[in-house]
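Numbering (my numbering), first residue to last: 80 to 246.
Where is the CB? At the ideal position from N, CA and C, for every residue including glycine.
Take a look at the structure set out below.
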């Protein structure tokens with residue numbers, strides 16, 4: 080199979096490669112729709128990653144990321160975001176701009192709260208926030224009307240759920 084030019088690449092799997100730094104040249108893959116960076120040692124993400132406007136799937140699972148940059152808001156076509164198993168303590172409020180997001184996996188991070196802007200993710204169907212540090216159900220989750228699966232198992236909470244959750 081002939082090698083593709085950067086502009087022709089639509090899917091890239093760089094999982095489990097021991098990558099510590101993702102080069103800025105990732106931004107040259109302008110037609111990239113699927114990017115798997117799971118199981119590496121990334122502590123930061125290059126700015127050019129957030130210029131990949133066609134990206135629909137992004138897996139950052141099992142890295143060493145402590146933050147998700149606010150520039151994630153540039154990924155307007157993102158449908159699936161996996162950030163599980165990272166030492167993330169805060170999500171940026173800009174996460175609320177990812178209105179096409181259908182699935183988000185954020186298990187085993189260090190989250191205690193989520194930004195209220197998450198309530199804007201009205202396309203979300205699957206949300207995994209298991210193994211985190213929630214002590215109460217985030218109010219934003221109650222407002223996600225298309226949500227079919229919500230996993231909050233193994234958190235430190237909840238004697239009772241708010242009555243609004245039935246909606």
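Whole runs of the beta strand (DSSP E) within the segment 184-232, excluding any shorter than 3 residues: 205-207 and 228-230
For residue 153, three-class secondary structure by DSSP: helix
Status (buried if at least 16 other CB within 10 Å, exposed otherwise) for residue 178: exposed
Inter-residue spacing [alpha-carbon to alpha-carbon] between residue 195 and residue 132: 25 Å
Three-way DSSP call (helix, strand, coil) for residue 146 in this model: strand
Reduced DSSP secondary structure (H/G/I, E/B, other) of residue 173: helix
For residue 99 and residue 118, the rounded distance between their alpha carbons: 11 Å
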